[in-house]
Amino acid sequence: MTISFNEDSLSFDLFAKDLQYTIYIDENKRLCHAYFGKRIKNLNVRHISDLYRRAYGPNLSLDIVPQEYPSYGTTDFRSPAYQVQFRDGSTVSDLRYISHRIYPGKPKLEGLPSTYVDGEDEAETLEIHLKDDIGKFEVILFYSVFEDFQAITRSAKFINFGEDIKILRALSTSVDFEDDNFEMFQLSGAWARERHVVKREIKPGIQSIESRRGASSHQQNPFLALARKDTDEWNGEVYGFSLVYSGNFIGEVEVNQYKDTRVLMGINPFDFSWLLKTGETFQTPECVMVYSDKGFNGMSQTYHKLYTNKLARGKYKLEQRPILVNNWEATYFDFNEEKLLEIAKEAKSLGIELFVLDDGWFGKRNSDNSSLGDWYVNKEKLPEGFEGLSKKINDLGLKFGLWMEPEMVSPDSDLYRDHPDWCLHVGERERHLSRNQLVLDLSRKDVREYIVETISNLLKSANISYVKWDMNRNMTEIGSATLPAERQREVSHRYILGLYEVLERITSQFPDILFESCAGGGGRFDPGMFYYMPQAWTSDDTDAIERLKIQYGTSYVYPPVMMGSHVSAVPNHQVGRITSIDIRSHVAMSANMGFELDLTKLSEEEKDKIRKYINDYKKFRKLVQFGNFYRLFFEENEVGWIITDEEQDEFIVYYFKVLGEPNAKQRRIKIKGISTQKIYRLDGTSEIYGGDELVFAGLLLPELKGDFQSVLLHFVRV
Ligand code: DGJ
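Reading the sequence shown from the start, the letters are residues 13 to 730 in our numbering.
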């Protein structure tokens, strides 16, 4: 990794492994973009910029010039990276280069999550200072490149030296490509079917993904990729853009009249503004940009490694995660201590390690219409409180974990009766309910203090090893009772800053607790949350077949260790489908394995199988959670993926076939990601395979009959 400045061409070259990002300062001191892609030995930036000289003919036009942080109101008619409003109402500004700094390491972003380094030698950072002379504000662009990851991060910081300004738009990154020969990939969906891979053609005009829901959302993940046509999992160029943020975001791809393509990503400017008083600063979130010339798997590998090692933090980031049982789909709100202990006993006998008590343990919570905010134990259900229950669970040899939803309040709660103005709301307007609840106003300090104090006391009250931090509704009536009129459009971002502060305080106070984030399943499955909590509940859909799509799409950016995947009952509660315990287990064994069903109702045969699967999983859990996950194929009826270790001494092949076919040919698959030089044995057998045979001739899969079939094959080097 290096960053260098060339005094002659006034250009900056940033290198991260095989990635190069080059920018230059033009004769008018504008910061322009030259190149983003595969590392080049000799790039003469003037050969690139020559194309744009005509922009400075008699009629200046920035409309064709690739820029690094384009302004609004001069001669570029595309979407700008930022826009500010001055006291006279005008919104035209023009940033020019004033200075730069190159230094080892990577600075933290104040109040925001970001990728980080553990030593200064792991990354290098370039700061470029730009200034609008008339408006007297500056923008610092931050670029960091890593030694070990083919990624470059960007963010921007606004500093106001002049009169008060209003920021109307402040995106994190803007990258101009010289052509439009791309396809756009995004991870889209809905509750219970999150992050399906969607590919679209890009056309002249703007195509975008966004969230206006106050959370990064089930509907669109804060990620997009541009890939050269015909790129596949192993070959071709891909550019990934992933935003480290959990709130309203936008990702925009604009193709202009010259077939240039501009990618923008950052906080959604919709219903956003930020009053920046003299002397104040505003920091944008970080965008992590990855370049791969080894297809989508190449891109995913970089995100997986970077996010596992340099985004997730704390004791558990590289520790094997426990196999848990969660009582939600087993009991919903209808449980007592006896029932929970029955499930826990069975869990222990199957080899499960952690018991998680989900929703319904507090206040008068017997359905979803009350008690959020009243975080004290319901003694009718749990007469001895957590202290008693957790002790009994621990005595069985299991760890004890707890669900909570601290950001919410039920109108039917003591908290709401005491503090009706503590939720997001707009004056006298109706406070729309969703799942019978309202959102606490985390932009308020007093609300944040209440949450930190209440949750800290709760976590101190028993031997709690794990927390599932849930959030079950999106924001409406986004207003705060304490902010002045001119700051009301700051509320959704202030909420996220407030949330990050709360998460930082609680997770650092309880370093021994494993935190898992959740938002009605995967409604906030984003890099921002992974900075505080190293794993997340992937989706409320536990059906094995739907999970193939969800986990496949999720793996574009996020590694298996971040995905919770549970075996649940059949017929499945979300889709009604009946699948075998084998395929349900194999899907769960592709990520962080767990169970979410009444274990006491299983047949002896099912229990025997589960015992075996748990044993197998424990044997290769490290490989699953921290290995290299590669997608092999996703066809209409068949899905394959593989997990290998770094040394290619061990790997697991997963194959899933959705519907049985008449007169089907037995399938042979060519294995990728393993060594052609090594010899492997299929674990549990004496069958020996050459790595070269598996790669070039392929692996013949067993004959499969019936619907919803799967195969999990573990190979070890001999
Ligand atoms: C939504 C979560 O995704 C579920 O797993 C469960 O915890 C419920 N909330 C409880 O209300």
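Note that beta-carbon positions come from the ideal geometry of N, C-alpha and C, so glycine has one too.
Mind checking which residues open and close the alpha helix (DSSP H) that includes residue i?
i, result
"N627", "616 to 638"
"Y462", "457 to 472"
"V599", "593 to 600"
"M541", "539 to 542"
"M311", "307 to 322"
"R429", "426 to 430"
"P61", "According to the sequence as given, residue 61 is Ser; it is not Pro. That run of the alpha helix (DSSP H) goes 57 to 61."
Can you give me the C-alpha to C-alpha distance between residue i and residue j, rounded to a whole angstrom?
i, j, result
"Y570", "S312", "7 Å"
"S167", "E392", "51 Å"
"E206", "V300", "21 Å"
"K690", "T656", "13 Å"
"Q32", "L336", "43 Å"
"S446", "N486", "8 Å"
"Q678", "D62", "57 Å"
"L255", "T566", "15 Å"
"E122", "G710", "51 Å"
"S220", "Q231", "13 Å"
"S504", "K457", "15 Å"
"W387", "L353", "22 Å"
"V265", "V96", "22 Å"
"S492", "M196", "37 Å"
"G696", "K561", "29 Å"
"Y428", "W373", "18 Å"
"H598", "F308", "23 Å"
"F708", "K682", "6 Å"
"R224", "G703", "49 Å"
"L287", "N56", "42 Å"
"F194", "T273", "9 Å"
"K7", "A359", "This structure leaves residue 7 out entirely; the chain is present only between 13 and 730."
"D433", "N381", "19 Å"
"Y315", "L323", "10 Å"
Which first and last residues belong to the beta strand (DSSP E) in which residue i is found?
i, result
"L43", "43 to 50"
"Q232", "232 to 240"
"K561", "Not the beta strand (DSSP E): K561 falls in the alpha helix (DSSP H), residues 556 to 566."
"T185", "177 to 189"
"M605", "604 to 608"
"V250", "250 to 256"
"D30", "That residue, D30, is in no beta strand (DSSP E); it is neither H nor E in DSSP."
"V302", "298 to 304"
Is there at least one non-hydrogen atom of the ligand DGJ closer than 7 Å to the beta-carbon of residue i?
i, result
"N448", "no"
"D424", "no"
"G533", "yes"
"N484", "yes"
"W733", "Look at the range of the chain in this structure, 13 to 730, and you will see that residue 733 is not part of it."
"C530", "yes"
"D75", "no"
"D552", "yes"
"D380", "yes"
"W373", "no"
"W203", "no"
"W387", "no"
"W481", "no"
"W415", "yes"
"W434", "no"
From this set, the options, which residue's C-alpha is nearest residue i's C-alpha?
i, options, result
"F24", "H45, L609, Y64", "H45"
"P523", "R325, F282, H59", "R325"
"Q332", "F194, P539, F638", "F638"
"L318", "S102, S126, I595", "S126"
"F537", "E498, T550, F527", "T550"
"I152", "I146, D160, F170, E159", "F170"
"R633", "E662, N338, P119", "E662"
"N233", "D553, V210, S91, K241", "V210"
"R441", "F527, L414, K50, I490", "I490"
"L733", "V728, M605, F668", "Residue numbering for the chain in the displayed model covers 13 to 730; residue 733 lies beyond these limits and cannot be assessed."
"S473", "F641, L611, F398, A182", "F398"
"G685", "E699, I664, S698", "I664"
"Q735", "W203, K357, K289, A237", "Residue 735 cannot be examined here, being either before or after the span of the chain that is shown, 13 to 730."
"E159", "G147, I146, T137", "T137"
Please determine whether the Cβ atom of residue i lies at a distance below 7 Å from any heavy atom of the ligand NAP.
i, result
"D370", "No copy of the ligand NAP appears in this structure; the ligands present are the ligand DGJ."
Practice item. Ignoring anything shorter than 3 residues or poking outside the stretch 144 to 171, list the beta strand (DSSP E) runs there in chain order. Key: Runs of the beta strand (DSSP E) inside the stretch 144 to 171: 149 to 158.
Exercise for review: Would you mind listing the beta strand (DSSP E) stretches within the stretch 494 to 535 that are 3+ residues and don't spill past its ends, in chain order?
Suggested key: Counting only runs of 3 or more, we get 526 to 529.
Check your understanding: Of all the beta strand (DSSP E) runs that stay within the bounds of the stretch 66 to 127, which reach a length of 3 or more residues?
Key -> Counting whole runs of 3 or more residues, the stretch 66 to 127 contains the beta strand (DSSP E) stretches 94 to 97, 108 to 116.
Exercise for review: Could you name each continuous beta strand (DSSP E) segment of 3 residues or more that falls completely within the stretch 333 to 399, going from the start of the chain to the end?
Suggested key: Here the runs fully enclosed are 336 to 338, 366 to 369.
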